[in-house]
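Since the structure comes first, as structure tokens, the remarks are kept for the end.
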Amino acid sequence: MAQWKEMRLGLGMWVPALRGAALAAAAIVAIAANAAAAQPAVSPEATSPSGQAVPVFTRARLVSVEQDAGGKLYVRLKLLPRAKLPFTTQAFRVPDGALLAGLPAGAWVKFTARHVEGENTLTSIQVTEECKRF
């Protein structure tokens, strides 16, 4: 009798199908919530033995060091390709010129950066061995 009333309202087979889809969606959400709660927020490889986060370094080749008219110091770095992206050159603001002491143009470097006041800003940079893959 209940099926007859659903068909009379024009809902036909949709009502049972929608109930099944709602149950499936609720199950997926519950599984995802359990999986997220079981995983740590930071991977074990990204933490030091003392529990602090380890910085992630990006490898690049130092292209040039420039100073703009306002006196800000910038460094241009040619980044290694990732995920099928070609080589790209980006400019980073250098808050302290001492970071660049002893870095010749063309040197392979590894660095960390942050986005500060709307600009990519170097936080650390050091010379590293040449990347053999590229």
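When the letters of the sequence shown are read in order and numbered with the working numbering, they come out as residues 1 to 134.
Where is the CB? At the ideal position from N, CA and C, for every residue including glycine.
Using the three-state DSSP reduction, which class does residue 122 fall into: helix, strand or coil?
strand
Below 7 angstroms CB to CB, which residues in the same chain sit around residue 43 once its five sequence neighbours on both sides are set aside?
Unreliable placement is indicated for residue 43, whose pLDDT of 44 sits below 50; no coordinate value is reported for it.
Quick check: what's the CA-CA separation for residue 101 versus residue 123?
14 angstroms
Burial state of residue 92 (16 or more Cβ within 10 Å)
buried
Under 7 angstroms between the Cβ atoms of residue 107 and residue 62?
yes
Residue 99, DSSP secondary structure in three states:
helix
Can residue 60 and residue 116 be called in contact, C-beta distance under 7 angstroms?
no
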